[in-house]
Each structure stands twice: as C-alpha cells, then as structure tokens.
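Take a look at the structure set out below.
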Amino acid sequence: MRIRMAGATDIGRKRKGNQDSIFFDESLGLGVVADGIGGRKGGEIASSIAVNSMKKAFQGVDMIRHGEVNSFLVTSIDELNTDILARGQLEPEIEGMGTTMNCLAFVGDRLHLAHIGDSRTYLVQDEQIFQLTIDHNVGTFAARGWLRAEQVLPGAKDEALVKALGLGPHCEADIYEMPLKPGQLFITCSDGLNGMLSDQEIANIVRNNSQNVDALPGLLIAAANAAGGRDNITVLVTEVRGN
Amino acid sequence: MSASRLYLVRRDSREFIGPMPVDDFKRRLSRMEFGMQDEVSGHRGPWIVLDKKDDLSHHYPEIAGLLGDSLPLSWRETTGHARVISRQDSRKDRKRKSSERSGSSDSLARYVEKQKTRSRTMKISAALVVGIAVMAGLVIIGKKDDIPTVADMSALAQKPDPSEFLNVMGIKVVPAAARMARSPKLQGQWLPLLRMYAFYTTGAIEGVPAKLLKGDLPSFAPQECSVESWKRKWRENAAQTVQFVQGKALQKNPWTKLLAQDPNWIKRRPSKGWVKPRNFYEGCVMTASLAIRSISSDSTLGAEPHDGVTPDIVAAVSRRLQNQLDILSGNKISGGVDATSFLGALTCFESQPSISDLGTCRVNADPAVKSLLDEHEALGLARLASIGQGATDPRWTAAMQPLQQKLGADDIMSRSDQSGEVKLVGYVMGGMPVEQAVAKVEQENVDLRFR
Chain A
44 MRIRMAGATD
54 IGRKRKGNQD
64 SIFFDESLGL
74 GVVADGIGGR
84 KGGEIASSIA
94 VNSMKKAFQG
104 VDMIRHGEVN
114 SFLVTSIDEL
124 NTDILARGQL
134 EPEIEGMGTT
144 MNCLAFVGDR
154 LHLAHIGDSR
164 TYLVQDEQIF
174 QLTIDHNVGT
184 FAARGWLRAE
194 QVLPGAKDEA
204 LVKALGLGPH
214 CEADIYEMPL
224 KPGQLFITCS
234 DGLNGMLSDQ
244 EIANIVRNNS
254 QNVDALPGLL
264 IAAANAAGGR
274 DNITVLVTEV
284 RGN
Chain B
5 MSASRLYLVR
15 RDSREFIGPM
25 PVDDFKRRLS
35 RMEFGMQDEV
45 SGHRGPWIVL
55 DKKDDLSHHY
65 PEIAGLLGDS
75 LPLSWRETTG
85 HARVISRQDS
95 RKDRKRKSSE
105 RSGSSDSLAR
115 YVEKQKTRSR
125 TMKISAALVV
135 GIAVMAGLVI
145 IGKKDDIPTV
155 ADMSALAQKP
165 DPSEFLNVMG
175 IKVVPAAARM
185 ARSPKLQGQW
195 LPLLRMYAFY
205 TTGAIEGVPA
215 KLLKGDLPSF
225 APQECSVESW
235 KRKWRENAAQ
245 TVQFVQGKAL
255 QKNPWTKLLA
265 QDPNWIKRRP
275 SKGWVKPRNF
285 YEGCVMTASL
295 AIRSISSDST
305 LGAEPHDGVT
315 PDIVAAVSRR
325 LQNQLDILSG
335 NKISGGVDAT
345 SFLGALTCFE
355 SQPSISDLGT
365 CRVNADPAVK
375 SLLDEHEALG
385 LARLASIGQG
395 ATDPRWTAAM
405 QPLQQKLGAD
415 DIMSRSDQSG
425 EVKLVGYVMG
435 GMPVEQAVAK
445 VEQENVDLRF
455 R
C-alpha cells in the first residue's frame with residue numbers, strides 16, 4: 044500500500060512554549076506524535092527524545108518483517124524510556140520529564156500502532172470515525188475497571204496520566220495491528236486537538252476536506268485554536284492509497 | 005453519513021478487525037474470527053466488550069440483537085464438551101487462509117512463508133509427541149470426539165512425566181484451542197494447560213495469540229517465546245550474542261537478556277494461571293533451550309558467516325540454558341560448575357551453596373561485563389541469606405557491603421524488577437533476623453516466594 048502523510052504542530056493560544064513533537068516520513072512508513080507532559084520541566088525534551096529515538100530506530104533497519112515489527116516497537120520504546128530517565132538523571136532540573144507517544148509503522152499492508160499516554164489515533168473510513176487508542180488516564184482506567192478508587196490519589200483529575208514515557212523504569216505501550224485498505228485516513232493527534240474538538244467535529248472537518256490531505260492538519264489546528272487553543276496542538280494525517 | 009453504520013472490533017486488545025457493516029460482523033462472528041471477550045466500537049461510539057449485554061444494548065442495539073437468540077450455536081456452548089475440529093478440516097482451513105493471503109505484497113508473502121514453516125514445525129512436533137506416546141505404549145482413552153475434562157488434564161499435568169499429558173492434549177484438546185482461547189469461560193479453565201502444552205513443545209499453539217500465552221506481564225518480559233521466534237532472534241542478533249557469550253560486552257538483545265537472567269529470580273515468582281512451567285520466564289528458558297538444540301544441528305549455526313558464531317559459542321549457550329533449567333528444577337548443575345568462562349561464572353554465583361564457595365566464582369572479567377558479575381554475586385549473597393546461609397556470618401556482610409549498590413531495583417540486563425531482593429538485603433543488613441526479613445518481604449510482595 045502507498046501512504047500519504049501530512050502533519051503540523053502549533054503552540055496553541057494559551058501556552059508559552061510547544062512541548063509537542065512530530066516526525067513523519069512516508070518512505071520509512073513512520074509517523075510519530077509525542078506530547079511532553081505539561082507542568083513538568085523538560086516536557087519538550089522528552090517528546091523530542093521520543094520522536095527522534097523512533098526515527099533513528101527505524102532509520103537503522105534495512106528491512107523489517109511483519110512478525111518483527113511489534114517486538115521491534117517494544118524494544119525501541121523500552122530503550123527510549125530508559126534514555127529519557129537517564130537524561131533526567133544527568134540534568135536534575137529536568138528530572139521527572141515525561142511524554143506521551145503514538146507511533147505508526149506502516150509495513151506492507153498493515154499498520155502497527157504503538158500507543159502510550161493520552162495522545163490519540165483515530166481511523167476515519169467511509170465518513171465514520173473510530174478512536175483506535177485508549178486514553179491512558181485516570182478517567183478511562185477507572186471507567187474500564189482497571190483502576191480501583193483506592194488506587195487513585197485524592198484530588199487526582201480524570202485526565203491525569205496513568206501511563207507515559209519517562210515516568211518510571213517500566214513502561215508498557217499498547218501495540219495494535221490493523222490491515223490497511225485504500226481510502227482509510229488515520230488522524231494522530233495530541234490532546235490539544237481532541238480536548239478542543241469533539242470526535243464529530245473532527246470527522247466533519249475530515250469529511251469536508253478528505254481530498255486535500257496536505258491541508259487537513261492545518262485546518263484541524265485552526266479549528267482547535269478557534270475553539271480556544273488551550274494546549275499545544277499536533278496533528279498527523281495519514282491517507283492509505285492503493286498500490 | 006452516506007454508508008451503512010460500520011463496526012470495528014478490537015480482538016485480544018491487539019488487533020483491529022473491520023470496520024465492517026453488520027452483515028459482515030455477523031458472518032465473521034459465526035466464523036469465530038473474534039469472541040465475546042473482544043470489544044466493538046461504532047462511529048463516534050465507545051468501546052464495549054461484547055459480553056456486556058446491557059452496555060451493548062444501549063450503545064449498539066444492532067449488535068446486541070445479533071448476540072441474542074441468533075448467536076451462533078458454537079458461541080452459546082461455553083460449557084461442556086467443545087467441538088473438535090478434525091485435523092483434515094484444520095489443514096484445509098490453513099491452506100485456504102494461506103492462499104487468501106498470498107496475493108499481497110512481498111513482505112506479506114514472506115510472512116506467509118514463515119507461517120507455513122511454523123505450521124510444518126508444529127506438525128512435526130505433534131508427530132513426535134504421538135510417536136513418544138506410541139513408543140511408551142500409552143493408550144488414549146475416550147471417544148475421538150470427546151474432549152477430556154479440565155480436571156482429567158490437570159491430573160495428567162501433575163504427573164512427573166509429561167508425555168501422557170502432551171499426547172492427550174495434542175490429539176484431543178489442542179485442535180480446539182483457538183476456540184477455547186476466544187471464549188472467556190473456556191480460556192480461564194484451559195489456559196494453564198494450553199500454556200503447559202505450548203512451552204513443552206514449540207512455545208506456540210496455532211490459533212492462540214502469543215500475547216494470551218504470555219499473559220499480562222511488564223514490558224521487560226520477552227514479547228514472544230516460541231522456538232521459531234528464538235531462532236529468528238538468534239539470526240538477528242548473532243554477532244552481538246557472540247560478544248556477550250565471550251564476556252566482551254553487555255550487548256542487550258532477547259538472547260543475551262535471557263542468558264543473563266538469574267533463574268533463582270524466575271523461581272521466586274510462580275504465577276497464577278501457570279502449572280508447568282511455573283511462569284512465562286521459565287517457559288522462555290525451555291523454548292530457548294529447544295531452539296539452541298535446533299540451531300546446533302544447523303550447518304550454518306543459524307547465523308551468517310560474518311557473525312562469528314562457532315560450535316563453541318553454541319555449546320556455551322546450550323550449557324548455560326541447561327544450567328538455568330537445572331537450577332529451576334532444583335537439580336545439580338549438569339557437568340558441574342565451571343567458573344572459568346563468563347557464562348559459567350554467572351551459573352556459579354547462582355548455584356554455590358556457601359559464601360566460601362561463592363568466592364570461587366570470581367573470574368578475571370573484562371571491565372565491560374564486570375557490573376553483571378557483581379550483580380550476580382550480590383544476588384548470590386541475597387539467595388544465601390534467604391535460605392539462612394551466611395547472613396549471620398560476618399563474611400556475608402563484608403562481601404555484601406561493597407556490592408549492595410550493584411543490586412539495583414532493576415536487573416542490569418533485562419530491567420526485571422529486583423526490588424524484593426533489594427528489600428531483603430536491606431532488612432538483613434539493617435539487623436533484621438533472616439526469617440523475619442523473608443516473611444516481611446513476602447508479605448509486602450504477595451507474588452514473591454523465597455522458599
């Protein structure tokens with residue numbers, strides 16, 4: 044399958060800096076979006092380490108087979124988590140930095156998706172939108188029964204992250220696979236987008252501009268900013284085309 | 005919205021099927037491509053587990069309707085005897101699936117080829133199991149279409165010789181394993197037995213996801229431990245592994261992490277949902293041992309010429325794995341302890357019965373790998389303390405003091421969690437009697453068993 048990628052990142056309207064990072068390369072079949080954890084120093088460093096590490100990992104392999112992609116993702120994520128922790132230990136002022144990450148690897152006719160944190164990947168197909176990733180936050184985990192009330196610190200907000208890179212030595216990303224089909228659109232974003240726009244609003248913008256993939260990231264970012272732009276906004280759009 | 009409503013299924017929390025219209029959903033459900041433990045989502049809708057009827061009726065009534073009276077018979081039958089898929093049908097199905105897949109890209113064709121190879125390996129293993137049983141004069145009891153009960157198979161699993169268990173499982177249970185894996189009720193009952201069968205044979209069962217066999221484990225655990233995956237990982241990391249085996253560098257890859265793992269750590273962590281092996285990590289050592297046996301008989305030793313793999317390297321790896329298995333099963337070290345090599349020194353620290361014996365394990369190691377030897381020495385001292393050996397001996401404290409820092413909360417190589425061992429050492433060094441320290445650590449870490 045051939046893919047077409049387009050992406051952009053924006054500071055938003057309220058934040059003083061952009062802690063999101065993005066990388067995409069159609070020839071590598073790789074797209075990465077990371078959102079440095081706000082409120083912690085070094086969020087931008089953590090997100091930058093995340094996307095650069097995945098970029099280097101994929102640039103370092105000549106060929107990768109379906110059966111190897113998932114373990115490759117797990118190993119690479121494990122290593123980049125260690126890198127973030129090690130960097131924090133070297134520079135006390137950024138110790139504790141963390142980041143979310145969605146990494147999309149398109150291999151042959153399958154998507155391999157690694158996800159940790161609350162950045163999202165959506166699938167839009169036949170004008171219908173599906174959220175593929177599960178937000179790794181207190182609200183979602185509690186609703187799914189994965190987190191008991193006594194495990195939640197008093198006062199913790201629903202959006203507080205349960206999993207992210209850099210939070211500890213053990214990080215377990217969700218790894219998904221999906222067969223690709225021409226016409227599919229994958230929207231990967233930091234929470235600056237889905238925090239401002241509903242899934243329906245995102246679906247509407249995509250539907251109305253699905254023939255113009257290159258413009259979509261900018262249009263979605265503009266809409267999120269128009270809705271308030273409370274956080275940094277990063278959007279990566281991947282269109283699946285036929286062979 | 006112009007098209008009919010589509011539904012996306014998340015199978016085994018790892019794979020998406022769809023999106024598909026409801027008719028397609030019904031067809032795939034009837035073909036058991038997914039099961040009641042899997043989740044479904046519609047346009048803009050939440051993910052709902054299929055067996056949560058109320059939530060499903062609320063969000064996706066169209067799907068809930070399908071799962072009512074029209075639920076395929078095979079899905080409603082969650083107790084009692086499962087349907088046995090005949091070997092012939094199963095082969096036909098595999099053939100059909102392969103031919104369906106082979107029309108796509110080159111990399112997919114390679115994948116299909118690999119699946120075929122795996123299938124051949126499984127057939128050979130099944131044939132071997134049957135052969136062993138015939139040679140042992142075993143009789144298969146029961147009608148061909150009957151699946152034995154979980155209790156029957158659990159009793160067989162407890163026997164010291166696994167041949168009969170493997171034989172009956174291979175013929176009467178494994179053909180229905182894919183169905184069991186997708187039914188939550190059956191999965192709960194059969195999973196420990198399926199795991200035992202898998203790790204005593206090839207580390208995999210067709211139709212049972214590797215992730216299910218593995219269970220919910222931290223990220224440091226290997227992703228998959230089938231014999232085939234070990235052979236593949238050997239080929240991919242051979243040059244690195246050679247350096248590690250020679251004690252020249254702490255290269256990190258699945259093989260070196262496994263070889264570096266202290267089997268006593270594995271032994272202390274029996275897992276729920278496992279009979280034999282006691283956990284996934286032990287299963288990984290077992291299947292790696294089978295893989296290296298296969299690699300040793302391969303004329304290329306499973307690697308490229310420039311990787312530098314020699315028969316001596318393969319023999320050293322084979323011996324190390326055997327020694328890990330010896331320690332796991334409480335047997336004497338096969339061939340005796342040989343601390344002259346790097347891997348031998350690791351085994352030495354893991355197995356010697358006293359502080360003075362532990363002293364014989366120290367070798368003149370390359371500085372690049374010394375940290376791992378130090379860690380194993382500290383683990384050896386912790387092991388001795390936990391079994392009441394040496395902790396009251398001033399030599400124990402004298403030896404442990406400079407090493408305590410080497411015993412990090414995480415293993416140097418695999419990053420596996422050693423916090424239980426670290427706590428034990430801390431308590432003992434703080435003057436707590438060993439019995440009390442062990443009891444306290446086990447109380448604080450409910451899954452940890454020092455004895």
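Line by line, the protein sequences are chains A and B. So the first sequence is residues 44 to 286, counted in the working numbering. So the second sequence is residues 5 to 455, counted in the working numbering. Note that the Cβ used here is the ideal one computed from N, Cα and C, for glycine as well.
If you count every other CB in all the chains shown that lies within 10 Å of the CB of residue i, and 16 or more means buried, which is it?
i: B:Arg-80; result: In this prediction, B:Arg-80 scores a pLDDT of 34, lower than 50, which makes its location untrustworthy; no coordinate-derived value is stated.
i: A:Glu-202; result: exposed
i: B:Asp-421; result: buried
i: A:Leu-133; result: exposed
i: B:Gly-192; result: exposed
i: B:Met-4; result: This structure gives no information on residue 4 of chain B, because the portion of chain B shown stretches from 5 to 455.
i: B:Gly-435; result: exposed
i: B:Gly-363; result: exposed
i: B:Ile-391; result: exposed
i: A:Trp-189; result: exposed
i: B:Thr-153; result: exposed
i: A:Ser-70; result: exposed
i: B:Asp-58; result: exposed
i: A:Glu-282; result: buried
i: A:His-155; result: buried
i: A:Met-106; result: exposed
i: B:Arg-186; result: buried
i: B:Pro-437; result: exposed
i: A:Arg-45; result: exposed
i: B:Gly-4; result: This structure leaves residue 4 of chain B out entirely; chain B is present only between 5 and 455.
i: B:His-310; result: exposed
i: A:Asp-274; result: buried
i: B:Gly-207; result: buried
Per DSSP, what are the beta-bridge partners of residue i in this structure?
i: A:Ser-64; result: A:Ala-77
i: A:Pro-222; result: A:Arg-153
i: B:Ala-68; result: Note: B:Ala-68 sits in no beta bridge, so no partner.
i: A:Phe-101; result: Answer is none; A:Phe-101 lacks a bridge partner.
i: B:Glu-446; result: Paired residues: none, contrary to the question.
i: A:Val-167; result: A:Ile-172 and A:Leu-228
i: B:Val-19; result: For the record, residue 19 of chain B in the displayed sequence is Glu; it is not Val. DSSP, once it has assigned bridges, lists A:Glu-220 and B:Arg-15 as partnering B:Glu-19.
i: A:Gly-50; result: A:Leu-279
i: B:Met-40; result: Beta-bridge pairing links B:Met-40 to no other residue.
i: B:Val-53; result: B:Glu-43
i: A:Leu-204; result: A:Asn-180
i: B:Asp-414; result: B:Asp-421
i: A:Leu-147; result: A:Gly-74 and A:Leu-156
i: A:Arg-45; result: A:Arg-284
i: B:Met-24; result: B:Tyr-11
Can you give the beta carbon distance from residue i to residue j, rounded, assuming they're within the 8 Å contact cut?
i: A:Gly-74; j: A:Ser-90; result: The pair is not a contact, with the Cβ atoms about 14 Å apart (cut-off 8 Å).
i: A:Asn-95; j: A:Ile-218; result: About 20 Å; that fails the 8 Å criterion.
i: B:Gly-251; j: B:Asp-342; result: Not really, about 13 Å apart at Cβ, beyond 8 Å.
i: B:Pro-23; j: A:Gln-171; result: 7 Å
i: A:Ala-258; j: A:Asn-252; result: 6 Å
i: B:Ile-416; j: B:Ser-355; result: At roughly 19 Å, the Cβ-Cβ gap does not stay under 8 Å, so B:Ile-416 and B:Ser-355 are not in contact.
i: B:Phe-224; j: A:His-213; result: 7 Å
i: B:Val-231; j: B:Thr-291; result: 5 Å
i: B:Pro-274; j: B:Asn-283; result: 6 Å
Is the beta carbon of residue i within less than 7 Å of some heavy atom of the ligand FAD?
i: B:Asp-16; result: This structure lacks the ligand FAD, and indeed carries no ligand of any kind.
Members of the region 408 to 434 of chain B near chain A, C-beta cut-off 8 Å: Going along the region 408 to 434 of chain B in chain order, one finds Ala-413, Asp-414, Arg-419 and Asp-421 with a Cβ nearer than 8 Å to chain A.
Give, in chain order, every residue of the region 200 to 216 of chain A whose Cβ lies closer than 8 Å to some Cβ of chain B. Pro-212, His-213, Cys-214, Glu-215 and Ala-216
Interface residues of the region 169 to 194 of chain A facing chain B [CB-CB below 8 Å]: Asp-169, Glu-170, Gln-171, Ile-172, Phe-173, Gln-174, Leu-175 and Ile-177
Threshold first: 4 residues or longer. Then list the alpha helix (DSSP H) segments lying entirely within the region 102 to 143 of chain A, N to C. As far as the region 102 to 143 of chain A is concerned, its whole alpha helix (DSSP H) runs of at least 4 residues are 109 to 133.
Members of the region 11 to 35 of chain B near chain A, C-beta cut-off 7 Å: Considering only beta carbons, the part of the region 11 to 35 of chain B lying closer than 7 Å to chain A consists of Leu-12, Arg-18, Glu-19, Phe-20 and Pro-23, in chain order.
Can you give me, in chain order, the residues of the region 114 to 147 of chain A that have a beta carbon less than 7 Å from any beta carbon in chain B? Ser-114, Val-117 and Asp-121
Every unbroken alpha helix (DSSP H) inside the region 248 to 318 of chain B [4 residues or more]: Taking only runs of at least 4 residues, the alpha helix (DSSP H) segments lying wholly in the region 248 to 318 of chain B are 258 to 264, 267 to 271 and 284 to 300.
If the cut-off is 9 Å on Cβ atoms, which residues from the region 86 to 102 of chain A count as contacting chain B, listed in chain order? none
Short-range partners of chain A found in the region 35 to 51 of chain B, where Cβ spacing is below 9 Å: Ser-45, Gly-46, His-47, Arg-48, Gly-49, Pro-50 and Trp-51
Please list the residues of the region 252 to 279 of chain A that have a C-beta atom closer than 7 Å to any C-beta atom in chain B, keeping them in chain order. none
What runs of the alpha helix (DSSP H), each 4 residues or longer, lie entirely inside the region 172 to 236 of chain B? 181 to 186, 188 to 204 and 214 to 218
Along the region 293 to 321 of chain B, where does the CB come closer than 8 Å to a CB of chain A? Name the residues. none
Please give me, in chain order, every unbroken run of the alpha helix (DSSP H) with length at least 4 that falls completely inside the region 232 to 272 of chain A. 234 to 237, 242 to 251 and 259 to 269
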